[in-house]
Amino acid sequence: MSARIGVITFPGTLDDVDAARAVRYAGAEAVSLWHRDTDLQSVDAVVVPGGFSYGDYLRAGAIAARSPVMGPVVDAARAGLPVLGICNGFQILCEAGLLPGALVRNTGLRFICREVRLRVEADTAWTAGFEQGSAITVPLKSGEGRFVADDDTLDRLEGDGRVVFRYAEPAPNGALRDIAGVCSADGRVVGLMPHPEHAIDPLTGPGADGLGLFTSVLTRLTAAA
Amino acid sequence: MPRVIVDVLPKAEILDPQGQAVARAMGRLGVSGVADVRQGKHFVLDVDDSVDDAELERIAETLLANPVMEEWVVRREGNGGQ
């Protein structure tokens, strides 16, 4: 039986279809979860995809973080369920308190839409298949992608090896310490601004580097079963 | 019904590129005396008497503002205020 990975759709979510496609490419079953669901249908992991949930009202991700489906997602994540937040999904996980820091307006005030190189710097549920220090190319497309946190938090994240992805160039959005993605203390909840789900097939993206996140979690799930 | 105002601003130590852009635009208007601008949000809440100060603080801290990047002020208007 293949692993089942939930993909959440909020009003305004854009990348749920690509996220579900990435899940299937990796060899798992994609399970659609709706923002009003309170039952996670016993999925083995959850992807919170990108977009503009609730029109970015209040703050990006703020309303979605308090939607019905996120209650069980937060509880399950605290109990070890692997969760991946991409772009708006990363913002939602920060707003929900599952990941530290916040995402604010890009320094240059411009929406950035281009491919970026990232360094994979941590061994997590979603990056176990990568060699640490390896580089991947994935699209970045966000207007509020600048990761911020206070200095103590940044020091702690770096000291504990919780910076999962770093821009291999000066962060185009001004993210502090060039941080593109971070994880929870147990390495099972990961959030990043760039979009691995758009880079799973050279036909439709810059390459297939992003598929590794989805195959990594499957390897973890299979090993645990 | 009593009115409550919640003002939310980006923390001083968080770069506010929107505020900076506004400040630069003032310079282009010929205004030279404005040293800094921070742009935030202004919430107007009409609340009944069941909402006490502690509840208002909880609303501000958990929803209206993100304590990681923002600071906020809650104040009551009218009806004696505080």
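Just so you know, the sequences run in chain order A and B.
One rule links them: number in my numbering = place in the first sequence (from 1) + 128.
One rule links them: number in my numbering = place in the second sequence (from 1) + 790.
For glycine and all other residues, C-beta sits at the position ideal for the given N, C-alpha and C.
Just so we're clear, the structure is a prediction, and the values are computed from it rather than from any experiment.
Contact with chain A by residue i, beta-carbon distance below 8 Å
i         : result
B/Pro-807 : yes
B/Ile-795 : no
B/Ala-811 : yes
B/Val-864 : no
B/Ala-859 : In the sequence as presented, Ala is not what sits at residue 859 of chain B; that position holds Met. Answer yes: the Cβ-Cβ gap between B/Met-859 and chain A drops below 8 Å somewhere.
B/Leu-799 : no
Nonlocal neighbours in the same chain, by C-beta distance under 6 Å from residue i, ignoring five residues either side
i         : result
A/Arg-164 : Pro-196
A/Ala-224 : Ala-193, Met-198, Val-202
B/Leu-835 : Val-794
A/Tyr-185 : Ile-191
B/Ala-855 : Val-798, Trp-862
A/Thr-252 : Val-292, Cys-311, Gly-315, Val-318
A/Phe-258 : Val-248, Gly-340
B/Gln-808 : Gln-829
Buried versus exposed, by CB contacts within 10 Å (16 or more), residue i
i         : result
B/Pro-857 : exposed
A/Tyr-182 : buried
A/Ser-344 : buried
A/Ala-299 : buried
B/His-832 : exposed
A/Ala-351 : exposed
B/Val-796 : buried
B/Val-794 : buried
A/Thr-332 : exposed
A/Phe-239 : exposed
A/Leu-246 : buried
A/Glu-272 : buried
B/Ser-840 : exposed
B/Glu-847 : exposed
B/Glu-845 : exposed
B/Glu-860 : buried
A/Thr-141 : buried
B/Leu-819 : exposed
Residue i at chain B interface by Cβ criterion, 8 Å
i         : result
A/Thr-141 : no
A/Ala-308 : no
A/Leu-237 : yes
A/Val-291 : no
A/Arg-284 : no
A/Val-276 : yes
A/Arg-194 : yes
A/Ala-313 : no
A/Arg-245 : no
A/Val-197 : no
A/Val-232 : yes
Beta-carbon proximity list for residue i, same chain, < 8 Å, skipping 5 on both sides
i         : result
A/Ser-160 : Gly-134, Val-135, Thr-137, Asp-144, Ala-148
A/Trp-162 : Ile-136, Thr-137, Val-197
A/Glu-249 : Gln-260, Gly-261, Gly-289, Val-291, Val-292, Phe-293, Arg-294
A/Ala-313 : Asp-288, Arg-290
Cutoff 7 Å; reference residue i; Cβ partners in own chain excluding five residues on either side
i         : result
B/Ala-850 : Val-796, Trp-862, Val-864
B/Ala-813 : Val-824, Asp-826, Val-827
A/Gly-335 : Thr-265, Ala-327
A/Trp-254 : Pro-210, Leu-212, Val-318, Leu-341, Ser-344, Val-345
A/Arg-274 : Leu-231, Val-232, Arg-233, Asn-234, Thr-235, Asn-301, Gly-302, Ala-303
Just to confirm the assignment: which complete alpha helix (DSSP H) runs, minimum length 4, are found wholly within the region 259 to 308 of chain A?
279 to 287
Taking beta-carbon pairs under 9 Å, can you tell me which members of the region 215 to 228 of chain A lie near chain B?
Of all residues in the region 215 to 228 of chain A, only Cys-222, Glu-223, Pro-228 come within less than 9 Å of chain B when Cβ atoms are compared, listed by chain position.
Residues of the region 820 to 851 of chain B with a CB closer than 7 Å to any CB of chain A: list them in chain order, please.
Residues passing the 7 Å Cβ filter: none.
Counting only runs of 4+ residues fully inside the region 829 to 857 of chain B, write out the alpha helix (DSSP H) ranges in chain order.
Fully enclosed alpha helix (DSSP H) runs of 4 or longer: 843 to 849.
Sequence ranges, beta strand (DSSP E) only - wholly within the region 160 to 201 of chain A, length at least 3
173 to 176
Taking only beta carbons into account, state which residues of the region 175 to 187 of chain A come closer than 7 Å to chain B, listed in chain order.
Arg-187
Enumerate, from N- to C-terminal direction, the unbroken beta strand (DSSP E) stretches of 3 or more residues contained entirely within the region 211 to 254 of chain A.
211 to 214, 230 to 232, 240 to 248
Against chain B, which members of the region 141 to 174 of chain A pass a CB distance test of less than 8 Å?
none
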